[in-house]
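Residue numbers (UniProt numbering): 1 to 305.
The beta-carbon is built from N, C-alpha and C at its ideal position, and this holds for glycine as well.
Since this is a predicted model, take the numbers as computed values, not measurements.
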């Protein structure tokens with residue numbers, strides 16, 4: 001079992017200092033150097049627009065100034081990472097989300113204006129602007145996790161339940177949103193039943209071979225922490241193998257390389273953010289210091305309804 005050593009952490013720190021955005025430098029400083037969370041929130045606030053949503057290249061693949069639902073979801077994930085969703089920011093984000101919500105209660109990942117802004121090719125060529133579980137279910141799940149109430153959350157919850165109950169196939173990004181929603185939805189009996197039904201579908205969205213290349217997602221994309229419900233989809237051996245591969249994937253410059261690339265500047269921004277993400281996952285699984293037992297922490301599986 002490979003463990004991230006002090007030297008590896010030191011190399012990552014230097015990579016982040018040299019290359020990462022201020023936001024990700026402060027994320028690293030908060031999680032590994034006791035920097036106050038308010039500093040991260042202050043920097044994150046510079047990506048927020050007057051409509052309450054987030055844009056301005058917070059998502060490195062989306063360079064436009066205007067707010068986008070999937071970028072707003074990323075902002076809420078960062079706030080969740082800090083352990084607290086300030087009510088004022090939640091209210092503003094929900095105000096924005098209401099303004100772009102479809103009649104069915106969901107939001108699309110991006111809006112049609114993405115075609116006319118600087119963004120990665122797969123976003124500029126995007127042509128499906130209907131409501132989607134990603135990011136609707138992810139945002140609703142985060143709001144439930146932090147007990148943040150809003151009319152938008154309730155409509156998004158109804159939309160998410162309707163879509164999830166009809167789900168028989170999904171992709172990795174949508175699977176992440178579904179897992180996040182089910183883990184924190186208030187109707188836990190229903191959530192456990194749906195998780196049990198969808199377990200084979202969710203598991204099938206990732207590559208179980210740690211040597212898989214390209215745009216393949218891994219079990220650690222679904223189970224970023226050992227207490228995530230998605231952790232129960234995979235064996236200890238599978239998680240250990242992917243943790244070994246993740247630790248070994250640190251490059252000579254100290255950073256980790258993200259799966260999608262399209263332009264040098266955004267690619268480096270993405271690497272900075274992803275390097276912090278990788279370190280957080282390795283730490284959550286005890287890989288920053290070797291666990292005495294040599295085993296992977298494992299959560300209690302959600303009971304079948």
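- Item | Helix, strand or coil at residue 47 [DSSP, three-state] | Mapped onto the chain shown, residue 47 falls at position 47. Helix at residue 47.
- Can you tell me whether residue 261 is buried or exposed, with buried defined as 16 or more other CB within 10 angstroms of its CB? Reading the chain shown from its first residue, position 261 is the one you call residue 261. The residue is exposed, with fewer than 16 neighbouring Cβ atoms inside 10 Å.
- Task: Just tell me which of 153, 192, 267, 219 has its CA closest to the CA of residue 175.
- Result: If you number the chain shown from 1, residue 175 lands on position 175. The shortest C-alpha separation from residue 175 is found at 219.
- Query: Taking one C-beta from the segment 275 to 289 and one from the segment 19 to 36 each time, how about it: are there three or more such pairs within less than 8 angstroms?
  - Reply: In short, these stretches touch, since the Cβ pair count reaches three.
- For residue 54, which three-state DSSP category applies? Counting from 1 along the chain shown, the entry for residue 54 is found at position 54. Residue state, collapsed to three classes: strand.
- Task: Output the distance between the C-alpha atoms of residue 5 and residue 288, rounded to the nearest integer angstrom.
- Result: Position 5 of the chain shown, counted from the first residue, corresponds to residue 5. Position 288 of the chain shown, counted from the first residue, corresponds to residue 288. Their backbone Cα atoms lie some 6 angstroms apart in a straight line.
- Starting from the Cα of residue 88, find the closest Cα among 150, 104, 127, 115 and give me that residue. Translated into the one-based positions of the chain shown, residue 88 becomes position 88. The shortest C-alpha separation from residue 88 is found at 150.
- Name, in chain order, the residues that DSSP records as bridge partners for residue 119. Reading the chain shown from its first residue, position 119 is the one you call residue 119. Paired residue(s): 62.
- Looking at C-beta atoms only, is the number of pairs between the segment 177 to 196 and the segment 234 to 249 that lie closer than 8 angstroms three or more? Taking one beta carbon from each stretch, the segment 177 to 196 and the segment 234 to 249 have fewer than 3 pairs nearer than 8 angstroms; the two do not touch.
- Task: Could you give the DSSP three-state label for residue 104: helix, strand or coil?
- Result: Stepping through the chain shown from its first residue, residue 104 is reached at position 104. Coil at residue 104, not helix or strand.
- Cβ-based neighbour list, residue 123, same chain, cut-off 7 angstroms, excluding 5 preceding and 5 following: Counted from its first residue, the chain shown places residue 123 at position 123. Residues of the same chain with a CB within less than 7 angstroms of the CB of residue 123, apart from the 5 flanking positions on each side, are 61, 62, 110, 114 in chain order.
- Three-state class that DSSP yields for residue 134 in the structure shown: Counting from 1 along the chain shown, the entry for residue 134 is found at position 134. Correct three-state label for residue 134: helix.
- Within its chain, find whatever has a CB closer than 6 angstroms to the CB of residue 253; leave out the 5 residues flanking it on each side and keep chain order. Working through the chain shown from its first residue, we reach residue 253 at position 253. So the list reads 15, once near-sequence residues are dropped.
- Message: For residue 197, tell me which candidate among 165, 264, 173 has the shortest Cα-Cα distance.
- Response: Against the chain shown, residue 197 aligns to sequence position 197. Cα-wise, what sits closest to residue 197 is 165.
- Item | Nonlocal neighbours in the same chain, by C-beta distance under 8 angstroms from residue 214, ignoring five residues either side | The count along the chain shown starts at 1 and reaches residue 214 at position 214. Answer for residue 214: 259, listed in chain order.
- Message: Going by C-alpha to C-alpha distance, which of 79, 39, 30, 32 sits closest to residue 54?
- Response: Working through the chain shown from its first residue, we reach residue 54 at position 54. Just measuring C-alpha positions, the residue of 79, 39, 30, 32 sitting nearest residue 54 is 79.
- Task: Could you check the C-alpha separation between residue 34 and residue 82 for me, to the nearest Å?
- Result: Counted from its first residue, the chain shown places residue 34 at position 34. Counted from its first residue, the chain shown places residue 82 at position 82. Answer to the nearest angstrom: the Cα atoms are 12 angstroms apart.
- Query: Looking at the structure shown, is residue 243 part of a helix, part of a strand, or coil, going by DSSP?
  - Reply: Position 243 of the chain shown holds residue 243. Here residue 243 sits in helix by DSSP.
- Message: Here's a check: name, in chain order, each residue in its chain whose Cβ is nearer than 8 angstroms to the Cβ of residue 13, leaving out the five neighbours to either side.
- Response: Taking the chain shown and counting its residues from 1, one reaches residue 13 at position 13. In the same chain as residue 13, and ignoring 5 residues on each side of it, the C-beta atoms closer than 8 angstroms to its own belong to 28, 32, 254, in chain order.
- Message: Less than 7 angstroms between the beta carbons of residue 93 and residue 72, yes or no?
- Response: As a working mapping, residue 93 is identified with position 93 in the chain shown. As a working mapping, residue 72 is identified with position 72 in the chain shown. Yes, Cβ-Cβ distance for residue 93 and residue 72 is below 7 angstroms.
- Query: Is it true that the CB of residue 85 sits closer than 7 angstroms to the CB of residue 146?
  - Reply: As a first step, residue 146 must be located in the chain shown, where it is residue number 146. As a first step, residue 85 must be located in the chain shown, where it is residue number 85. The Cβ atoms of residue 146 and residue 85 sit closer than 7 angstroms to each other.
- Message: Let me check understanding here. Comparing Cα to Cα, which of 243, 246, 140 lies closest to residue 77?
- Response: Here residue 77 refers to the residue found at position 77 when the chain shown is read from its first residue. Per the Cα distances, 140.
- Query: For residue 99, does the three-state DSSP call read helix, strand or coil?
  - Reply: Within the chain shown, numbered from 1, the residue matching residue 99 stands at position 99. Under the three-state reduction of DSSP, residue 99 is assigned to helix.
- Buried or exposed: where does residue 42 fall if 16 or more other Cβ atoms within 10 Å of its Cβ makes it buried? Taking the first residue of the chain shown as 1, we reach residue 42 at position 42. That one is exposed.
- According to DSSP, is residue 147 helix, strand or coil? On the chain shown, residue 147 is found 147 positions in, with the first residue counted as 1. It is coil, neither helix nor strand.
- Message: Please classify residue 99 as buried or exposed, where buried requires at least 16 other C-beta atoms within 10 Å of its C-beta.
- Response: Walking along the chain shown from the start, residue 99 turns up at place 99. With fewer than 16 other Cβ atoms within 10 Å, it is exposed.
- Could you tell me whether the Cβ atoms of residue 173 and residue 182 are closer together than 7 angstroms? Taking the first residue of the chain shown as 1, we reach residue 173 at position 173. Taking the first residue of the chain shown as 1, we reach residue 182 at position 182. Contact: no.
- Item | residue 28, DSSP secondary structure in three states | Within the chain shown, residue 28 is the residue found at index 28, counting from 1. Three-state DSSP puts residue 28 in a helix.
- How many angstroms separate the CA atom of residue 17 from the CA atom of residue 47? Within the chain shown, the letter at position 17 stands for residue 17. Within the chain shown, the letter at position 47 stands for residue 47. Taking the straight line from one Cα to the other gives about 20 angstroms.
- Message: Rounded to whole angstroms, what is the Cα-Cα separation between residue 132 and residue 107?
- Response: The count along the chain shown starts at 1 and reaches residue 132 at position 132. The count along the chain shown starts at 1 and reaches residue 107 at position 107. If I take the Cα positions, the gap works out to 6 angstroms.
- Message: Which residue wins for smallest C-alpha separation from residue 169, given the options 205, 179, 49, 241?
- Response: The sequence position of residue 169 within the chain shown is 169, counting from 1. Ranking the options by Cα distance to residue 169, first place goes to 205.
- Item | Nearest residue (CA-CA) to residue 267, options 20, 36, 7 | Taking the chain shown and counting its residues from 1, the one referred to as residue 267 is at position 267. Answer by Cα proximity: 20.
- Message: Spatial neighbours of residue 90 within its chain, please: C-beta separation below 6 angstroms, excluding the five flanking residues on both sides.
- Response: Taking the first residue of the chain shown as 1, we reach residue 90 at position 90. Once the five neighbours on either side are set aside, the close Cβ partners of residue 90 are 148.
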